[in-house]
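Taking UniProt numbering, the leading residue of the sequence shown gets 1, the next gets one more, and so forth.
Ideal Cβ placement from N, Cα and C applies to all residues, glycine included.
On a predicted model such as this, the values are computed, not experimentally measured, just so you know.
Single-structure report; data block below.
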Amino acid sequence: MGRTLQDPPHPSLTITDNRTGKTITVPVEHNSIPATAFKQLNKELAEGDRSEDEVELDEAELTPWRVWQGGIRVYDPGYQNTAVIQSSITFIDGAKGVLRHRGYPIEQLAEKSTFLETAYLLLYGELPTKAQYTLFSTEVMHHTFVHRDLEDIIGSFRHDAHPMSILTAAFAALGAYSPEGNPSLAGQKIYTMDTEASLQLMDKQIFRLIGKSITLAAMAYRMRQGRQFVAPPANMGFADSFLFMMDHLNETNYRPHPTVAKALDTLFLLHADHEMNASAAAVLQVGSTLVDPYSAVSAGCAALYGPLHGGANEAVIRMLISIGGPENVPAYIERVKRKEVVLSGFGHRIYVSADPRSTIIRKIADDVFALTGKDPLLDTALALRDAALKDEYFISRKLYPNVDFFSGLIYRALGFPTDFFPVLFAVPRVVGWLAHWRQLMLSRNVKIWRPRQVYTGEGERAYIGMKEREEKGTEGTKRGGEPTKVQHPTSTRVFLARESKL
């Protein structure tokens, strides 16, 4: 009997394997299906199959350690449509340009909230009461001091080291000063036990990481400037303290400009979390091994460092400088179409309409420029934006300005060095990483993230001794199939050795 209109829809998919005729029913929950269901679609080896394809599944031999073997695998390069976790933190609707934290639209938070209040929301699920906020903000700001050894560690970097290299190493080093927060030292289950002590230990590491993030970032900046490190100030907010540690030069009663502090606080809020992005996934991938949160955050920094992620706002400024002026925008647009150059600051992996954060940032830019004066690059940026939004090439590809397009101009106007921009992304994103890490630990059943692969290499073959191997030469060798010859500069020692033989 068929289903009537009154019957509720059956929340499942029926999938038929046309190779074998086998049909399975897969449950649908929150518009998603479990990838492991496809493991039921196994078959015997047939002509054209390779044993390396693991098509067979001997259910009689299954153990908890072999359950991943056999059956259909879901091939999804770059996780284009793979959900790796259930989360209640951040929601994004890329088609409609929607971004919400715990249900609150980003536009409302940017207008009415602060970075630390939004941090509380991301971590604990609700906006705080006055007492809850006082406790949280006091703990975070109390943990801004770092061990004096960090001065030596950060000071040991080359003067021209990239600040993100310094920050990544500093977070990893920070974990050495919290042995009680390291599962490898204090016990594997210190964060996954359902106890008050476990929650307190987890939150203490969170307070430390958020509070010390601005101190480590400021130290990386001042090391590059050749300045002495500055101790965290008392009775200042998060953004104000950060600016103080970066800029204080022994002035009496120095305080950062309130417009600058407010702009930076809002920028921090906008960058605090963005769902399961590359760096958040890196934190959870590493965190799933039950490593300490300092190492997991360091892994997030390493992922954020890349120009396809946190380095994009730095790339925007370099692009605008290379264009040279508004009059050169049409020629640059044509070069982009010919794929000779990259258009940085446009498009997003998730958003197919406007990035909601970019609209907010444009308003912040006006406030900052009113104080600092208009950046000469702004005219080039606006000309590039207008040209791209009118060009069918970019319209058809849904390439709209993203959060990185104007944020770099603001940072530049405030006097931050270009290569420091990713650090200004990493500092607030520590909160998002920790919110996802905390959620993972509170699941109490942490499974190590171990993706599968589709093996396409050689089948089993016998070892051949070097004397019996044929010389193939360079023709027919697959690109990357052998080491390349690297050009090395001639050292003084080699030059003198050659001279002595003449």
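- According to DSSP, residue pairing for S32 in a beta bridge involves E29.
- DSSP places H436 in the uninterrupted alpha helix (DSSP H) bounded by F421 to L442.
- Judged by DSSP in its simplified three-state form, H159 adopts coil rather than helix or strand.
- Rounded to the nearest whole angstrom, the C-alpha separation of I410 and V26 is 49 Å.
- Scanning its chain for C-beta atoms nearer than 8 Å, with the 5 sequence neighbours on each side dropped, one finds around T23 the residues T14, I15, T16 and D17, in chain order.
- By a beta-carbon distance limit of 8 Å, L414 contacts V260. Their separation comes to about 6 Å.
- With fewer than 16 other Cβ atoms from the protein chains shown falling within 10 Å of its own Cβ, T134 counts as exposed.
- When DSSP states are grouped into helix, strand and coil, L121 belongs to the helix group.
- Annotated three-state conformation of T134 is helix, per DSSP.
- A315 places its beta carbon less than 7 Å from that of P307.
- Going by C-alpha positions, I464 is about 10 Å away from E470.
- When DSSP states are grouped into helix, strand and coil, T380 belongs to the helix group.
- Residue D53 holds the alpha-carbon nearest to the alpha-carbon of L41 among D53, A365 and H101.
- Measuring C-alpha to C-alpha distances from F268 to each of N182, F136, T168 and A426 identifies A426 as the nearest.
- The segment 372-391 and the segment 428-436 do not touch, with fewer than 3 CB-CB distances between them shorter than 8 Å.
- K478 is classed as exposed because its beta carbon has fewer than 16 other beta carbons within 10 Å across all chains shown.
- R338 sits exposed, since fewer than 16 C-beta atoms from the chains shown fall within 10 Å of its C-beta.
- With a beta-carbon spacing of about 7 Å, M223 and I166 fall inside the 8 Å limit used to define contacts.
- Under the three-state reduction of DSSP, Y104 is assigned to strand.
- Going by C-alpha positions, D355 is about 20 Å away from D367.
- A Cβ-Cβ contact shorter than 7 Å links S358 with P401.
- Contact annotation: the segment 206-216 touches the segment 293-307, with at least three C-beta pairs closer than 8 Å.
- Rounded to whole angstroms, the separation of the alpha carbons of D160 and G373 is 29 Å.
- Sequence-distant Cβ neighbours of Y254 in its own chain, meaning closer than 6 Å and more than five residues away, are H248.
- Note that the segment 455-463 does not touch the segment 137-156; fewer than 3 beta-carbon pairs, one per stretch, sit closer than 8 Å.
- Closest in C-alpha terms to S88, from the list A263, G103, G78 and V74, comes G103.
- Counting along the chain, the unbroken alpha helix (DSSP H) around I395 starts and ends at E392 to S396.
- Going by beta carbons, M441 and Y191 fall inside the 7 Å limit.
- Note that the segment 391-398 does not touch the segment 278-290; fewer than 3 beta-carbon pairs, one per stretch, sit closer than 8 Å.
- Contact annotation: R19 and K43 have beta-carbon atoms nearer than 7 Å.
- Of the residues A170, E275, A239 and G226, the one whose Cα lies closest to the Cα of G94 is E275.
- Residue pairing by DSSP places I24 opposite I15 in a beta bridge.
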